Amino acid sequence: MAEIVCVGKTTRDINVEIKRLIARGETDIRVKNPGARHNLGVAILESVELTFDGSVGYYCAGMIDGPTVKVRGSTGWGLAESMMDGTVIVEGSAGNGAAASIRGGTVIIHGDAAARLGVSMKGGLILVGGNCGYMAGFMAQKGTLIVCGDAGEAFADSMYEGICFVGGSIAELGNDAVIEKPTAEDLAFLESTLSRYLPQKIEIHDFKKVISGRKLWNFDKDERAVWREAL
Amino acid sequence: MCGIVGFLDKTSNEGTTVGQTILKMLTALEVRGPDSAGVALFGPPENSGFVVRVKLGEHGDFEEKGTFIAKRVQEFGSVGEVKTTAEYLRFVIDLRGEPTSLASFIESLEDGIEVVSMGRMLEVVKQVGSPQNLEATYGVSAFLGTHGLGHTRLSTESRVDLSHSQPFWAHGYPDLAIVHNGHITNYHKMRRRYEQHGVKFYTENDSEIIGVYLAERLSQGLTLRETLDASLIDLDGSFSYLVATPDAIGFAKDPFAFKPLLFTETDTFVAVATEEIAIRSAFDGAYEVREAQAKDVRIWQR
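Line order of the protein sequences matches chains A and B.
Quick note, the first sequence lines up with residues 30 to 260 if you use our numbering.
Quick note, the second sequence lines up with residues -19 to 282 if you use our numbering.
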């Protein structure tokens, strides 16, 4: 295991050090006292394990493809934005826009996620142990979003595709979001996913499934009212 | 952009190093707002009267102006602790009469003079430049107190000068201050309505309206919570703002969660900031920080 101590270092120093250690062949890198600095661990394309021993700031683990990034604290805005593949685990809570536009990989948040979780996601899996805020899953095109607690307003608004599960209450469904009963297969998937990724045991019986009503896929003049509402 | 911070100490009534704490938090957010920096600090109550901080204009002999004003205000009460530092006059007055009358009187003495804060506990210090400059000029880190707010400004709509900097004191309403990150889009409409009712505006900065609005609601008898809840409906646009009164700090976040705001509460303190880095720069140890949700309103009472 290799260690980077952040005290006295700039963000650039730390990121350069991470890249240098990866180039040297290190596969387990621990970053001590990140102090909520921004832009840490961005664009890492190797299958290494990178652990931040504390909170990180904005845009942590953005544009990654392959690594496992752990945050032993909370994160600011834009966690794992546009990631291609890999795993990101946050032990605390995440700020706005977590896992926005991801194309693959897995983002696990043990605590809460703030507004705009997983907007425009195009693949992958997002799992939140707590609650999520306003407008999660907005315009999602593919992938799975699981929220074990309560979801905020405009949930799953204008989704193209993608599947959402919510364990608690939904403050308000977004445009063209439709609730349906999870299948036996869905429940089996939830059971295995939650027990695999979350430290706490969560009952899955009351989980709701939310999918796209597909009414916004094509314009139909008979559905003018739906469009007026959506736009 | 802009950076806002708030801190409330839960341990002591005598006052902790609130100036130093706010300054540390603010320094971490300097990159969000290089145009100006300011603090609103709440000290132990000034039993002998009101603390008044006056901006003495942009130019001229500040010492001379300060002495002149301190002399003239004696007709409102006995005056002590008179001190002029850079463009500020500070004094304590055992006020007879209304705070608004005193403020109007001071501001009528010369163009460019503005009462920046007034209250039994509140002191606002702000200026163009960085938090370090603020410290170098006014030594804000030496201030002892119980809670406070801070602001670093990146100007987007209005000019860069002392008056347009934040925090804003809610003019005329003692001991009420706000800091704001965002943009109030119905500002012009609201301002016209207030001006028709005779409210004076000191700047072209949309954030100023928040103080005016909160003061109006509180004067109508609403509690601080009711006031902040009402602001979510009455204010349009993007905002995370913090408010401080003699015994509380609180925040409200707009319904679309456009602007960041993170907070933490422990047994000994409450800290709120635009970025977690500000909180981590000021406080060691283990505590959890979370982002506020859309429409969140929170108040911490001392």
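Each residue gets a CB set at the ideal place from its N, CA and C atoms; glycine is no exception.
Remember, it's a predicted structure, so these values are computed and weren't measured experimentally.
- Looking at the backbone, the Cα of residue 163 (chain B) and that of residue 270 (chain B) are separated by about 23 angstroms.
- Residue pairing from DSSP leaves residue -19 (chain B) without any beta-bridge partner.
- Not one beta carbon of chain B lies nearer than 8 angstroms to the beta carbon of residue 169 (chain A).
- If you check each beta-carbon in the region 101 to 116 of chain A against every beta-carbon of chain B, the ones closer than 9 angstroms belong to 102, 103, 104, 105, 106.
- Short of 6 angstroms from the beta carbon of residue 117 (chain A), and not among the five residues preceding or following it, lie these beta carbons of its own chain, in chain order: 90, 98, 109, 136.
- In the three-state scheme derived from DSSP, where H, G and I count as helix and E and B as strand, residue 256 (chain A) is classed as helix.
- Within chain B, 270, 271, 273 have C-beta atoms less than 9 angstroms from the C-beta of residue 141 (chain A), given in sequence order.
- One Cα belongs to residue 30 (chain B), the other to residue 216 (chain B), and the distance between them is close to 34 angstroms.
- In this structure, residue 126 (chain A) lies away from residue 96 (chain A), with their beta-carbon atoms at least 8 angstroms apart.
- Runs of the alpha helix (DSSP H) lying entirely within the region 190 to 252 of chain B and spanning at least 4 residues, in chain order: 204 to 214.
- Take residue 229 (chain A), set aside five residues on each side of it, and the residues of its chain with a beta-carbon closer than 7 angstroms to its own are 158, in chain order.
- Distance check between residue 105 (chain B) and each of B:137, B:127, B:149, B:45 places B:149 closest, using alpha-carbon atoms only.
- Between residue 274 (chain B) and residue 162 (chain A), the alpha-carbon positions lie close to 7 angstroms from each other.
- Our two residues, residue 80 (chain B) and residue -19 (chain B), have alpha carbons roughly 33 angstroms apart in a direct line.
- By the C-beta criterion, the region 170 to 184 of chain B is judged not to be in contact with the region 219 to 238 of chain B, since fewer than 3 inter-stretch pairs fall below 8 angstroms.
- In the structure shown, the three-state DSSP call for residue 82 (chain A) is strand.
- Contacts with chain A (Cβ-Cβ distance below 8 angstroms) from the region 96 to 126 of chain B involve no residue at all.
- Interface criterion met: the Cβ of residue 66 (chain A) is under 8 angstroms from a Cβ in chain B.
- Listed along chain B is no residue with a C-beta nearer than 8 angstroms to that of residue 247 (chain A); the closest approach is about 28 angstroms.
- By the CB criterion at 8 angstroms, residue -2 (chain B) and residue 126 (chain B) fall inside the cutoff.
- The beta-carbon distance between residue 72 (chain B) and residue 61 (chain B), rounded to whole angstroms, is 5 angstroms. This is short enough to meet the 8 angstroms contact definition.
- A Cβ-Cβ distance of about 11 angstroms is found for the pair residue 149 (chain A) and residue 164 (chain A), leaving them out of contact under the 8 angstroms criterion.
- Proximity of residue 163 (chain A) to chain B, defined by a Cβ-Cβ separation below 8 angstroms, is satisfied.
- Here the region -15 to -5 of chain B does not lie against the region 225 to 244 of chain A, with fewer than 3 beta-carbon pairs under 8 angstroms apart.
- Secondary structure at residue 135 (chain B): coil, using DSSP grouped into helix, strand and coil.
- With its beta carbon at least 8 angstroms from every one in chain B, residue 206 (chain A) lies outside the interface.
- For the pair residue 93 (chain A) and residue 72 (chain A), the CB atoms are nearer than the 8 angstroms cut-off.
- Residues of chain B with a Cβ closer than 8 angstroms to the Cβ of residue 128 (chain A) do not exist, since the nearest Cβ in that chain sits about 14 angstroms away.
- Taking 8 angstroms as the cut-off, the Cβ atoms of residue 171 (chain A) and residue 191 (chain A) count as close.
- In this structure the region 1 to 9 of chain B touches the region 257 to 264 of chain B; the number of beta carbon pairs closer than 8 angstroms is three or more.
- In the structure shown, residue 261 (chain B) falls within a helical segment according to DSSP collapsed to helix, strand and coil.
- Remark: three or more beta-carbon pairs, one from each stretch, lie closer than 8 angstroms, so the region 78 to 96 of chain B and the region 20 to 40 of chain B are flagged as touching.
- For residue 123 (chain B), the secondary structure class from DSSP, reduced to helix, strand or coil, is coil.
- By the CB criterion at 8 angstroms, residue 207 (chain A) and residue 240 (chain A) fall inside the cutoff.
- In the structure shown, residue 256 (chain B) adopts helical secondary structure according to DSSP, grouped into three states.
- Burial is judged here by how many other beta carbons sit within 10 angstroms of a residue's own beta carbon; residue 160 (chain B) has at least 16 and is buried.
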